[in-house]
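S.K.: In our numbering, the protein residues as written are 28 to 685.
1) Can you tell me the Cβ-Cβ gap for residue 490 and residue 319, rounded? I've got them flagged as a contact below 8 Å.
2) Got a sec, what are the start and stop residues for the alpha helix (DSSP H) residue 198 sits in?
3) Could you tell me the alpha carbon to alpha carbon distance between residue 544 and residue 521, rounded to whole angstroms?
4) Hey, residue 686 and residue 510 are a contact pair by Cβ (cut 8 Å); roughly how many whole angstroms apart?
5) How about the region 528 to 537 and the region 416 to 436: do they share at least three Cβ pairs that are nearer than 8 Å?
6) Considering only residues of the region 274 to 336, which uninterrupted alpha helix (DSSP H) runs meet the minimum length of 4 residues and lie entirely inside it, listed in chain order?
7) How should residue 722 be labelled, buried or exposed, when 16 other C-beta atoms within 10 angstroms of its C-beta is the threshold for buried?
8) Give, in chain order, every unbroken run of the alpha helix (DSSP H) that is at least 4 residues long and sits entirely within the region 34 to 86.
9) Can you tell me whether residue 220 is buried or exposed? The criterion is at least 16 other CB atoms within 10 Å of its CB, across all chains shown.
10) With DSSP collapsed to three states, give me the class of residue 226.
11) Nearest by alpha-carbon distance to residue 494: which of 384, 114, 90, 680 is it?
12) Could you tell me the distance, in whole angstroms, from the CA atom of residue 677 to the CA atom of residue 571?
13) How is the beta strand (DSSP E) around residue 398 delimited, first residue to last?
14) Determine the direct distance from the alpha carbon of residue 586 to that of residue 145, and round the result to whole angstroms.
15) If you draw a straight line from the alpha carbon of residue 346 to that of residue 601, how long is it in whole angstroms?
16) In chain order, which alpha helix (DSSP H) runs of at least 4 residues are fully inside the region 522 to 591?
17) Please go through the region 400 to 482 and give each complete alpha helix (DSSP H) segment of 4 or more residues, from N-terminal end onward.
18) Run through DSSP, which three-state label would residue 388 get?
19) DSSP puts residue 184 in a beta bridge; with which residues?
20) Do residue 378 and residue 526 have their C-beta atoms within less than 8 Å of each other?
21) DSSP on residue 506, reduced to helix/strand/coil?
22) I want to know whether the region 437 to 447 touches the region 361 to 371 - three or more CB-CB distances under 8 Å.
23) Excluding the 5 residues flanking residue 250 on each side, which residues of the same chain have their C-beta closer than 6 Å to its C-beta?
24) Helix, strand or coil: how does DSSP classify residue 348 here?
25) Give a yes or no on contact between the region 126 to 134 and the region 205 to 225, applying the rule of three or more CB pairs nearer than 8 Å.
26) What's the C-alpha gap between residue 648 and residue 178?
27) Applying the criterion that 16 or more other CB atoms from any shown protein chain within 10 Å of the CB defines a buried residue, is residue 239 buried or exposed?
28) What separation, rounded to the nearest whole angstrom, lies between the Cα atoms of residue 48 and residue 79?
29) Taking 7 Å as the line, does the beta carbon of residue 548 fall inside it for any heavy atom of the ligand ATP?
30) The alpha helix (DSSP H) spanning residue 213 covers which residue range?
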């Protein structure tokens, strides 16, 4: 009972009343004895009555409070023992000291007193990692519980939310998903076919897609010659993910039997109740897939999370130059509407980035517009340094190279910024310049990733191309002939093609040789290219030391790493990966080396059977199916090897998620 109540404060006013009445009685007796006596008797009577009433009220209140406390204690004990809420009391060693009857019934133990908390569920491991009150969801014997942990009292409260989770699962599983299926090379293959052959091709594709839809309960509708619309729900999507979207292999294998060799790209929108938003997500996913070379699936959620499946084949080289001509004319118009053109590649630029930048700057000159290449001279490897030494001998060209700071000071609202050999804003030489530019064009040959430069006026991405220099060479062919390519400009672009194709041995198509031929006719010097690409003995020895550490993680997968206390250039890591790929029984190679005190680099190469791009994307990198890389911050080489092995395992055994 409260001490305030026990002090009985109501009695103090009564005592004061008695004292005041005594003074009043004294005064009355001094003037009129009879009235004073009557007043005194009346005061005494009132005081005694009030005192008795106060005593009775106090006793009744005290009795009521004691009864209420007993009832509350009884109700508390009843609730503790009978309510459908689990309660566990543990000690500082996470040993169970007490459990209420409900919790005892839910656990498969004869007695749980003395059992360790982790023996119930490994999910409680996180309690040890973070000693503070928290809530979590755990599973026990096919039931799900929300657990509230009171760290100070060492108490855990369990609330059964199994039914709630089942309802949520039903709700989310029933949400609509929209998919857009696109036949990558339909127009090219069907071009020139007679009506009978084209009808046969359409019948094969439609039958294959409809069979797939019927198998999983998907509504499929062909909405154009090369496009299908698919509508289903998220529970079906889960099944499709388990099958890794077998429709990709079905289309490829079925059509190849009839000599057509079609591939399929699928964009999926999920995670929203708005059909309009789902349609936009599906189209955005399809654009992403096509930018990555096709023959794969992208699933995009409203949260921005993207999953990829497929991507097992190299993108097919286009047979027509129509797109190159259209892009070239569009770029010409943008250049002519600009006061100047800035060209910027990626950080630590290679020959392809420099060569393609030189080519775009030349296009600006062909349109009589001032063009500049943005370059950070502190981030150059040996081969690029040799190229820049050659360029220095031609002041007219060398003066067109400016620093990022100078570019930022010169840029205007009418300046056109062309980004080459990358499409990721985090990889460009200077992000501030990118943010300041109002007019942006992207030219790249890498498969498109989720990170992409926004607000672009023109995008030319062709994953089939060997290099960005090849793409730029084709664009130059359709530009005004006001200026001719100089020998050094043509040589720079040819060097970019040679480096990215490993001297025309990887990712080389007919268009690659046509571009090289065009450059050769304009004076490209192959001897000069070889001189710029020469390496010194020390580099060769360092590369050999890394090769000595090679290990085979899986069949055909070679992993090599450099020393923890030695820094390597990205070029050296890439060259080492290329060398490993030439070894017998190596289908994919990964080379790990420290680039700085806080940064590790991984270069990945493959012959096409293993998609190293997706593996690198799991480590926040990217690239091509056969050529990719990534960087890791604040990671040791041993940790990097473990992360890489996990990424390889996830890619080979599971879906591809970004």
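For every residue, glycine included, the Cβ atom is placed at its ideal position computed from N, Cα and C.
This one's a predicted model, so the numbers in the text were calculated from it and none came from an experiment.
M.R.: The answer reads as follows:
1) 6 Å
2) Boundaries of the alpha helix (DSSP H) around residue 198: 189 to 200.
3) 9 Å
4) What is shown of the chain runs 28 to 685, which leaves residue 686 out entirely.
5) Judged by Cβ distances under 8 Å, the region 528 to 537 makes no contact with the region 416 to 436, as fewer than three pairs qualify.
6) 274 to 284, 302 to 318
7) Nothing about residue 722 can be reported from this structure: the residues present for the chain run from 28 to 685 only.
8) You should have 38 to 58.
9) exposed
10) helix
11) 384
12) Cα to Cα, the separation comes out at about 30 Å.
13) Counting along the chain, the beta strand (DSSP E) containing residue 398 begins and ends at 397 to 401.
14) 37 Å
15) In this predicted model, residue 346 has a pLDDT of only 45, less than 50, meaning its place in the structure is not dependable enough to derive any value.
16) 537 to 548, 553 to 559, 564 to 575
17) 409 to 419, 422 to 425, 431 to 437, 458 to 463
18) helix
19) 114, 175
20) yes
21) coil
22) Segments in contact, yes.
23) 256
24) coil
25) no
26) 41 Å
27) It is buried - the Cβ of residue 239 has at least 16 other Cβ atoms within 10 Å.
28) Taking C-alpha positions only, residue 48 is separated from residue 79 by approximately 18 Å.
29) Annotation note on the ligand ATP: not contained in the displayed structure, which lists no ligands.
30) 213 to 217
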